[in-house]
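Q:
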Ligand SMILES: NC(=O)c1ccc[n+]([C@@H]2O[C@H](COP(=O)([O-])OP(=O)(O)OC[C@H]3O[C@@H](n4cnc5c(N)ncnc54)[C@H](OP(=O)(O)O)[C@@H]3O)[C@@H](O)[C@H]2O)c1
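Written as C-alpha cells, this is what we have:
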C-alpha cells in the first residue's frame with residue numbers, strides 16, 4: 001500500500017482537527033493520484049472531509065472501533081475495526097494492496113506505515129507548530145526529492161519515499 005500526506009518541516013500534518021495548509025496544486029495531486037483507487041483513513045479524518053463523508057470516485061474504508069456499520073453506510077464508507085479487519089475487507093472486496101492509499105491521519109499513518117511501500121509526501125517548507133504529526137520515516141525508505149515549488153506564500157516539494165527493504 002501507499003501513503004499520501006502533506007507534512008511540514010517539523011513533521012506536522014494537522015491542527016484543530018483539520019489540515020494546516022490548502023495548496024491548490026497539492027489538492028489536485030491528491031485528487032488525480034487517488035482517483036479510482038481505494039482509501040483507508042481514521043475516523044477523525046473522515047469527520048474532517050466535506051459532509052463528513054467518503055470521497056467520491058474512490059472506495060473509502062474507515063478504521064474505527066466506535067462507528068457502526070449503519071453509520072458507515074450513511075457516510076458511504078466501509079468500516080474496519082482493526083488491521084486484521086482491514087485486510088479481510090480488502091480481500092472480500094477484491095482490492096489489491098497496490099490500489100490502496102493510506103490518507104491519514106496521524107494515528108492511521110503510524111498504524112499502517114509498516115505496510116507501506118511508497119510514501120507520497122508533499123513537504124511543506126514551513127516550521128509552523130501543529131498538533132498531529134506524521135510518524136518518523138525509517139531509514140528503510142529512500143527519498144526522491146522533488147523540486148521546490150511555490151503556491152502563494154508557501155514553498156513545497158513533491159517528495160517520494162520508496163521502501164528499500
Ligand atoms: N496533512 C495531511 O496530509 C493529513 C491527512 C489526513 C489527516 N490529517 C489531519 O490529521 C488529523 C487527524 O489525525 P488523528 O491522528 O487525530 O486521527 P485519525 O488517524 O484520522 O483517526 C483516529 C481514529 O481512528 C480510529 N483508530 C485508530 N487506530 C485504530 C485501530 N488500530 N483500529 C481501529 N480504529 C483505529 C479511532 O477511531 P474511533 O475513536 O472511532 O475508534 C481513532 O479515534 C486532522 O487534523 C486531519 O486534518 C492531515
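Numbering (this note's numbering), first residue to last: 1 to 165.
Note that CB positions come from ideal geometry on N, CA and C, so glycine has one too.
(1) Closer than 8 Å is the cut-off here; do at least three beta carbon pairs connect the region 126-136 with the region 26-43?
(2) Quick check: does the Cβ of residue 165 come within less than 6 Å of any heavy atom belonging to ligand 1?
(3) Helix, strand or coil, according to DSSP, for residue 156 in the structure here?
(4) Does the separation of the CB atoms of residue 121 and residue 40 fall below 7 Å?
(5) Measuring alpha carbon to alpha carbon, tell me which residue in 149, 51 and 62 is nearest residue 80.
(6) Which full runs of the beta strand (DSSP E) of 3+ residues lie inside the region 107-155, going along the chain?
(7) Suppose only complete runs of 3+ residues qualify. What are the beta strand (DSSP E) ranges in the region 37-103, listed by chain order?
(8) Following the continuous alpha helix (DSSP H) through residue 10, name the residue where it begins and the one where it ends.
(9) What three-state label does DSSP hand residue 165 in the structure shown?
(10) Would the C-beta of residue 35 count as close to ligand 1, meaning under 6 Å from any of its heavy atoms?
A: Quick look at the numbers:
(1) Verdict: no, contact absent.
(2) In this structure, residue 165 has its CB at a distance of at least 6 Å from all heavy atoms of ligand 1.
(3) Here DSSP, grouped into helix, strand and coil, assigns residue 156 to strand.
(4) Result no, Cβ atoms of residue 121 and residue 40 do not sit closer than 7 Å.
(5) The shortest C-alpha separation from residue 80 is found at 62.
(6) Complete beta strand (DSSP E) runs here, min 3: 118-124, 141-144 and 149-151.
(7) Correct list: 38-42, 59-63, 78-80 and 100-102.
(8) That residue, residue 10, is in no alpha helix (DSSP H); it is neither H nor E in DSSP.
(9) Coil.
(10) Every heavy atom of ligand 1 is 6 Å or more from the Cβ of residue 35, so no.
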